[in-house]
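> Heads up: the protein sequence lines correspond to chains F and A, in order. Our numbering applies: residue 1 is where the first sequence begins, and numbers increase by one. Our numbering applies: residue 114 is where the second sequence begins, and numbers increase by one.
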Amino acid sequence: GDSVTQMEGPVTLSEEAFLTINCTYTATGYPSLFWYVQYPGEGLQLLLKATKADDKGSNKGFEATYRKETTSFHLEKGSVQVSDSAVYFCALTWDNYGQNFVFGPGTRLSVLP
Amino acid sequence: EAEVAQSPRYKITEKSQAVAFWCDPISGHATLYWYRQILGQGPELLVQFQDESVVDDSQLPKDRFSAERLKGVDSTLKIQPAELGDSAMYLCASSPGSGGGETQYFGPGTRLLVL
Chain F
1 GDSVTQMEGP VTLSEEAFLT INCTYTATGY PSLFWYVQYP GEGLQLLLKA TKADDKGSNK
61 GFEATYRKET TSFHLEKGSV QVSDSAVYFC ALTWDNYGQN FVFGPGTRLS VLP
Chain A
114 EAEVAQSPRY KITEKSQAVA FWCDPISGHA TLYWYRQILG QGPELLVQFQ DESVVDDSQL
174 PKDRFSAERL KGVDSTLKIQ PAELGDSAMY LCASSPGSGG GETQYFGPGT RLLVL
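1) Please classify residue 125 of chain A: is it buried, with 16 or more other beta-carbons within 10 angstroms of its beta-carbon, or exposed?
2) For the beta strand (DSSP E) containing residue 202 of chain A, name the first residue and the last one.
3) Classify residue 64 of chain F as buried or exposed, calling it buried when 16 or more other Cβ atoms lie within 10 Å of its own Cβ.
4) Comparing the C-beta of residue 145 of chain A with each C-beta of chain F, is any distance below 7 Å?
5) Between F:8, F:27, F:16, which has its C-alpha nearest residue 68 of chain F's C-alpha?
6) Tell me residue 59 of chain F's beta-bridge partners as DSSP assigns them.
7) From this set, A:142, A:151, A:138, which residue's C-alpha is nearest residue 225 of chain A's C-alpha?
8) Expressed to the nearest angstrom, what Euclidean distance is found between the alpha-carbon atoms of residue 31 of chain F and residue 5 of chain F?
9) How is the beta strand (DSSP E) around residue 135 of chain A delimited, first residue to last?
10) Sort out for me which residues DSSP pairs residue 125 of chain A with in a bridge.
Written out as structure tokens, the structure reads:
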């Protein structure tokens, strides 16, 4: 079945460091890909998404490019802030009726001042 | 900005007791989802509704869990009896159409602790 794999955390960075969180997926065809973020004690919030190959999603300084050749959707940010400390989830879904999300296990990011 | 509402935010109960969680999706959203998130893991779908109909409840432990969305708006998830292994965050989400490929909007969740 479909699955999403993320780099293991926790990831600890200093403020203003460059961030990469790896995400790869296993699926037949070309699903839509998402990154969600979960701050402590809260639900998930959409961070960005891409619906077809080579699309780049971006939001709040974060970017991810849909790479079909490597089945990847790595999350990047050039300069992280303390406020970016959270858990990041990569997910996929399909454009068919009733299709649901398949979430990765999440990667915890801690940014130190 | 419209949000998904959930209550209660926190619930502590003893095993064998009954618990219920409530979710009010974003107005006009046809699809509603209940997820269970165990600490340190990603959310896992329990049940998906399209309006008042169940689309997918294949992962819902039906011997103890039940869910309803009677009028196709708000929804209730019930556990009876609760077990220690049910301790988790229960998340509700909604999406505007049929769900396929759409962004899901999540509520703040209900954190359940079973003693």
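Glycine included, every Cβ here is placed at the ideal spot set by N, Cα and C.
This is what the structure holds:
1) exposed
2) 201 to 208
3) buried
4) no
5) F:27
6) F:62
7) A:151
8) 15 Å
9) 132 to 137
10) A:226
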